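There are 2 protein chains.
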Amino acid sequence: MHLGAWLGPLCRGLRRPVGRTPQLVRGSLSRRLVLSSRRRIPEFNSFVSRTNTCGELRSSHLGQEVTLCGWIQYRRQNIFLVLRDFHGLVQVIIPQDESSASVKKILCEAPLESVVKVSGTVISRPPGQENPTMPTGEIEIKVKTAELLNACKKLPFEMKDFVKKTEALRLQYRYLDLRSSQMQYNLRLRSEVVMKMREYLCNLHGFVDIETPTLFKRTPGGAKEFLVPSREPGKFYSLPQSPQQFKQLLMVGGLDRYFQVARCYRDEGSKPDRQPEFTQIVDVSSVFRKTEIRFLQDALSKPQGKAKAICVPEGVKHIKRKDIESIKQFAADQFNQEVLPIFLKASRNWNSPVAKLVTEDQRLELIRLMEIQEEDIVLLTAGEHKKTCSLLGKLRLQCADLLETKGMVLRDPAQFSFLWVVDFPLFLPKEESPTELESAHHPFTAPHPSDLHFLYTEPEKVRSQHYDLVLNGSEIGGGSIRIHDAQLQQYILATLLKEDVKLLSHLLQALDHGAPPHGGIALGLDRLMCLITGAPSIRDVIAFPKSFRGHDLMSSAPDSVPVEELRPYHIQVSWPTEAEAEKDSLNQPHQQKS
Amino acid sequence: MHLGAWLGPLCRGLRRPVGRTPQLVRGSLSRRLVLSSRRRIPEFNSFVSRTNTCGELRSSHLGQEVTLCGWIQYRRQNIFLVLRDFHGLVQVIIPQDESSASVKKILCEAPLESVVKVSGTVISRPPGQENPTMPTGEIEIKVKTAELLNACKKLPFEMKDFVKKTEALRLQYRYLDLRSSQMQYNLRLRSEVVMKMREYLCNLHGFVDIETPTLFKRTPGGAKEFLVPSREPGKFYSLPQSPQQFKQLLMVGGLDRYFQVARCYRDEGSKPDRQPEFTQIVDVSSVFRKTEIRFLQDALSKPQGKAKAICVPEGVKHIKRKDIESIKQFAADQFNQEVLPIFLKASRNWNSPVAKLVTEDQRLELIRLMEIQEEDIVLLTAGEHKKTCSLLGKLRLQCADLLETKGMVLRDPAQFSFLWVVDFPLFLPKEESPTELESAHHPFTAPHPSDLHFLYTEPEKVRSQHYDLVLNGSEIGGGSIRIHDAQLQQYILATLLKEDVKLLSHLLQALDHGAPPHGGIALGLDRLMCLITGAPSIRDVIAFPKSFRGHDLMSSAPDSVPVEELRPYHIQVSWPTEAEAEKDSLNQPHQQKS
Chain A
467 MHLGAWLGPL CRGLRRPVGR TPQLVRGSLS RRLVLSSRRR IPEFNSFVSR
517 TNTCGELRSS HLGQEVTLCG WIQYRRQNIF LVLRDFHGLV QVIIPQDESS
567 ASVKKILCEA PLESVVKVSG TVISRPPGQE NPTMPTGEIE IKVKTAELLN
617 ACKKLPFEMK DFVKKTEALR LQYRYLDLRS SQMQYNLRLR SEVVMKMREY
667 LCNLHGFVDI ETPTLFKRTP GGAKEFLVPS REPGKFYSLP QSPQQFKQLL
717 MVGGLDRYFQ VARCYRDEGS KPDRQPEFTQ IVDVSSVFRK TEIRFLQDAL
767 SKPQGKAKAI CVPEGVKHIK RKDIESIKQF AADQFNQEVL PIFLKASRNW
817 NSPVAKLVTE DQRLELIRLM EIQEEDIVLL TAGEHKKTCS LLGKLRLQCA
867 DLLETKGMVL RDPAQFSFLW VVDFPLFLPK EESPTELESA HHPFTAPHPS
917 DLHFLYTEPE KVRSQHYDLV LNGSEIGGGS IRIHDAQLQQ YILATLLKED
967 VKLLSHLLQA LDHGAPPHGG IALGLDRLMC LITGAPSIRD VIAFPKSFRG
1017 HDLMSSAPDS VPVEELRPYH IQVSWPTEAE AEKDSLNQPH QQKS
Chain H
467 MHLGAWLGPL CRGLRRPVGR TPQLVRGSLS RRLVLSSRRR IPEFNSFVSR
517 TNTCGELRSS HLGQEVTLCG WIQYRRQNIF LVLRDFHGLV QVIIPQDESS
567 ASVKKILCEA PLESVVKVSG TVISRPPGQE NPTMPTGEIE IKVKTAELLN
617 ACKKLPFEMK DFVKKTEALR LQYRYLDLRS SQMQYNLRLR SEVVMKMREY
667 LCNLHGFVDI ETPTLFKRTP GGAKEFLVPS REPGKFYSLP QSPQQFKQLL
717 MVGGLDRYFQ VARCYRDEGS KPDRQPEFTQ IVDVSSVFRK TEIRFLQDAL
767 SKPQGKAKAI CVPEGVKHIK RKDIESIKQF AADQFNQEVL PIFLKASRNW
817 NSPVAKLVTE DQRLELIRLM EIQEEDIVLL TAGEHKKTCS LLGKLRLQCA
867 DLLETKGMVL RDPAQFSFLW VVDFPLFLPK EESPTELESA HHPFTAPHPS
917 DLHFLYTEPE KVRSQHYDLV LNGSEIGGGS IRIHDAQLQQ YILATLLKED
967 VKLLSHLLQA LDHGAPPHGG IALGLDRLMC LITGAPSIRD VIAFPKSFRG
1017 HDLMSSAPDS VPVEELRPYH IQVSWPTEAE AEKDSLNQPH QQKS
């Protein structure tokens, strides 16, 4: 697929330091600055009064008269001052002679984080005072004139150890947080990544960048879209969850190779992470059809019951008895399930009485099914399908953490491992009413061509042409081949899903007017940027993120609106009772991006 | 200013045909296709089953086996078929021999605008049947196999003369309208223009592309922002009119050289065009302080009364007596004002008794003030300042139209003439209450440094650091240097404008924490694209525009929403009375972009 073709080189090309751990990246100021000073910015200083940026000066500039603007990062003994702009840091020498008293006064009295403009000469630092960890560490600026452009009031916190601040404080003073080298790096890298994507799509492959509206009609399937009241009584726009209908209409309109960096609005309430659990599990139910182990017997006697196992390669070397105990404890506490560790050599069973009930035949069958090597550990559990998968997924990550603390390198953060997930079911039974079907992805996804015949007999067996892309274990995107046949779309919407097709009549009509076969993919840019930068939260790769509860902590949005401003939109607030208010506090919106 | 630096070469570089009229551009299919086939798209046919696009085949492809996909544009005598994709047109020969009966059946029975895939050989057209107006006119495709990918139902109109359709029909079937070569050209050109802007800003000048939120807090100053109810009772987000606060906060955050292709949401009701009238007028009140001409006397006796004039160069040659009569009629009908034409030579006054009342001294003073040449006509009017400007602006355009019908080339559409408008007032008297002030632009615009002293004494005299950019007479952008001093901002907001500063406390706080001096500009992309493509309406350069009344005619948004979907947002509809409904129908929203 062509996605890998650009994402791979793109990621490799982004000067991502190899072999680092995410913690190091977030901490290391000077390396960030090395990275950013390598960036080639021709003509950068055109149109501005500064002659240079703070980060670019080197020994090759010695003797030059320069004018710099920046924030006062640090001051020592009223002699040295470190000036910062987005491009880096530079040391400035405050003049001490009588004739420069006014310059000294400005530079010594301005509070930290004030904005100043200085002019002076680039000189070399005295021998022994060079700072090799600072890109501009060989030089300093002998200042002649200085101007205070804007003073800074007392800061709500010290800038330098910003990462130690609470996230709420960081969001409230976002404009200060954005000055940190880490946020500068993340946001500037994001801009570069998006630009590289555009260059690849537009310049190399003739894609066309088209903006689609954000004020649209609500799509069927529930209350996940923000509503926007219009000036017509009772009429509302909605903010689309994604441009999915527009994408299709553009294909029908012949706008081949469309792309867009689009915003998606999802009022998701209590669904903070849509990411499903991905596990490599092996179903071993058949091995244990006849077993004396009670919890396996119990689980497998139920209709949805499965026995499943994961293999921890070379687990014997690193996972000790107390680790196994804590894994078992975790499974019992969190999932109310039992976990049985199995070893290739019977001698390693740590005297578990239950484990001895695994027969030699069963052990051999497991070895065959799971391709177990001598030093591996198998973790076996049983129960309801979904719960079992969830538990083993968690255990797999726990074991990986454990092995990494013992020095094994399992997940190199500098490695980008892509995985396509395919063959999803087209429909799933509705949770609240399992005899009815709902779309596993969305109702526009095309069925797998080999499964078309099931559509009219056993629709639950139909696989979809939906695909997800996973990077280093995180879902970063997904897409599908869409239905281009109006009759098929009508059948799926009306007959199988019992949806109100009137809301989608424009789409059905469009399919009927020569819609070409088409499909696409959407990447989650926020999550992708998290993986590339090693940021712990998508809030670290977004300039002005909302809090988990959907609040803008800086401006305190959402906010009350006077009644007279609601009047043109023909709405009024229905104030909830106290009991209702309590219930509602569980449902909080937030805005997503893809 | 650097704007001209990139916009100029950009516009010149866009392969805009020189000397054409807008009408020609919109009509000429084949030239559009020539333009688009010149576009360099390497590797275009990677990842798809077609081997070529319809528009790219030439004599150099003779003998090649190709697979094409496209829409059936046209069919003649069941022998020829013209296939279209976004890249152009190609002629396909329907096989007539018995063995190809099934291929013939597919190609002859498929309705026009159906999607087909054909494979065959590129052959040359028989001598004399080449079509030199068609880029692929030397060749045709001898088809071997054909597949109907999707049939098209009866079309609501014939595709070929789409431009004759009503705009409502075009918007309702937007996916068909988008297939027209004109819309394909406009939208693909728009994508290229935006890409060139990005390359200039990001790659050449180190700008950083940052997306700012669209769910924000309402800004003070009225009901022009769409509201988005949240799940918290009585709390609303608003869709920002522009990212203006975020722009400033990014500057405070040290994200130097920020740009964004942003959406602006303005619920502007009955304000369809914010474009002010720009006229080059000369104020000639002083010349006529003492005059016997009654309408000048009347006008100048009032406090806001002005006498103003425009000069029509070489007007005598082309503007006849009946033209002058129709100009006078227009002024009387539309503006209830008199217009007096004045000629350098008294003999050309067409015996107007009023014109004879212009004294020789006045005539000479006019000549000096307005630099009149012998063959020019001066059009003079008097009255209230704004009305006079408006009338003369209209007359200026009318005269230009008139002169152009006589063969003079005044406004070459292939020429891009830029104009900066500066020295706007910072404040204007409020229309409803002229003793109070309101911002002429917005309250964040910085005062002109030379006028700072007036701020505390005669604020209405302060000029602003606001600037507008005009291209060929249309405003395409504007911006300002912003206030970076918190005290000054507070004074203007609270003391002069009497705004509630609580709504902006986050901004005032940000300015107090080391905000650098900053400014910027925003271009209206829709209007700019209109000027570049010669499109008559911004709806021709937007993929899915709203109608003038803010409706999406394709999906019929905005739409009703069931009561239960309003409940999570704690709102209910207040249905208006019949009288209120009538009044409201005058206020219609629409969505803008910049």
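Quick mapping for you: the protein sequence lines, in order, are chains A and H.
Position one of the first sequence corresponds to residue 467 (the working numbering), numbered consecutively onward.
Position one of the second sequence corresponds to residue 467 (the working numbering), numbered consecutively onward.
We treat Cβ as the ideally placed atom computed from N, Cα and C, and that holds for glycine.
A quick note: this is a predicted structure, and the numbers were derived from the prediction, not measured.
Check	Outcome
Let me know the secondary structure DSSP gives H:F801 once reduced to three states.	helix
If contact is defined by three or more beta carbon pairs under 8 Å, each pair taking one atom from either stretch, is the region 962–977 of chain A in contact with the region 1004–1015 of chain A?	no
So is A:E522 buried or exposed if we call it buried at 16+ other beta carbons inside 10 Å?	buried
Work out the CA separation of A:V609 and A:V532 for me, nearest whole Å.	9 Å
Alpha carbon to alpha carbon, how far is H:L721 from H:P915? Give it in angstroms, no decimals.	25 Å
Of all the CB atoms in chain H, is at least one closer than 7 Å to the CB of A:C618?	yes
Assuming H:E898 is part of the beta strand (DSSP E), what are its boundary residues?	Premise fails: H:E898 is in no beta strand (DSSP E) and is neither H nor E.
Compare the C-beta of H:D1025 with all C-beta atoms of chain A and state if any pair is closer than 7 Å.	yes
Could you tell me which residues DSSP puts in a beta bridge with H:C535?	H:K583
DSSP three-state label for H:Q881, please.	coil
Would you call the CB atoms of H:I942 and H:L876 closer than 7 Å?	no
Let me see if you follow: with CB-CB separation under 7 Å, is A:Q726 close to chain H or not?	no
Quick one: is A:S1040 near chain H, going by C-beta distance under 7 Å?	yes
Any idea which residues DSSP pairs H:L549 with across the strands?	H:I538, H:V556
Looking at H:S792 and the ligand SAM, is the gap between the Cβ and the nearest heavy atom below 6 Å?	You won't find the ligand SAM in this model; it holds no ligand whatsoever.
Do H:A773 and H:L762 come within 7 Å of each other at the CB atom, strictly closer than that value?	yes
Let me check understanding here. Comparing Cα to Cα, which of A:S1026, A:V514, A:M995, A:D827 lies closest to A:F882?	A:M995
Tell me whether A:C865 is buried or exposed, calling it buried when 16 or more other Cβ atoms sit within 10 Å of its Cβ.	buried
Report the residue from H:G603, H:I793, H:Y731, H:T611 whose alpha carbon sits nearest the alpha carbon of H:S568.	H:T611
Mind checking whether H:P909 and H:L892 have CB atoms under 7 Å apart?	no
Note down, in chain order, every chain H residue with its Cβ under 7 Å from the Cβ of A:D966.	Neighbours of A:D966 on chain H: none; closest Cβ ~10 Å, over 7 Å.
Roughly how far, in whole angstroms, is the beta-carbon of H:I560 from the beta-carbon of H:L549, given that I think they are within contact range, below 8 Å?	Their Cβ separation, rounded to whole angstroms, is 11 Å, which puts H:I560 and H:L549 out of contact at 8 Å.
Let's test the definition: count the other Cβ atoms within 10 Å of the Cβ of H:E606 and tell me whether it reaches 16, buried, or not, exposed.	buried
Using a 10 Å radius around the Cβ and a threshold of 16 neighbouring Cβ atoms, would you call A:C777 buried or exposed?	buried
Is there contact between the region 922–942 of chain A and the region 889–906 of chain A, where contact requires at least three CB pairs shorter than 8 Å?	yes
Please confirm whether H:C618 and H:P577 have their CB atoms less than 7 Å apart.	yes
Counting only C-beta atoms, is H:F882 closer than 7 Å to chain A at any point?	no
Mind checking H:Q839: buried by the 16 CB within 10 Å criterion, or exposed?	exposed
Excluding the 5 residues flanking A:E804 on each side, which residues of the same chain have their C-beta closer than 6 Å to its C-beta?	F761
What alpha helix (DSSP H) runs, 4 residues minimum, are completely inside the region 627–679 of chain A?	633–638, 640–643, 647–664
State the Cα-Cα distance for the pair H:G688 and A:L1032, rounded to the nearest angstrom.	Reliability fails at H:G688, whose pLDDT of 48 lies under 50, so the model's placement of it is uncertain and the value that follows must be treated cautiously. C-alpha separation (whole angstroms): 11 Å.
Let me know if A:S792 comes out buried or exposed under the rule of 16 or more other beta-carbons within 10 Å of its beta-carbon.	exposed
Could you check how far apart the C-beta atoms of H:R645 and A:G719 are, in whole angstroms? I think they sit under 8 Å.	6 Å
Who are the near neighbours of A:G849 in its chain, counting only those whose CB is closer than 6 Å to its CB and skipping five residues on each side?	A765, Q803
I need the boundaries of the beta strand (DSSP E) containing H:Q1038, first residue and last residue.	1037–1039
Among A:L667, A:T678, A:S704, A:D917, which one has its Cα closest to the Cα of A:R684?	A:S704
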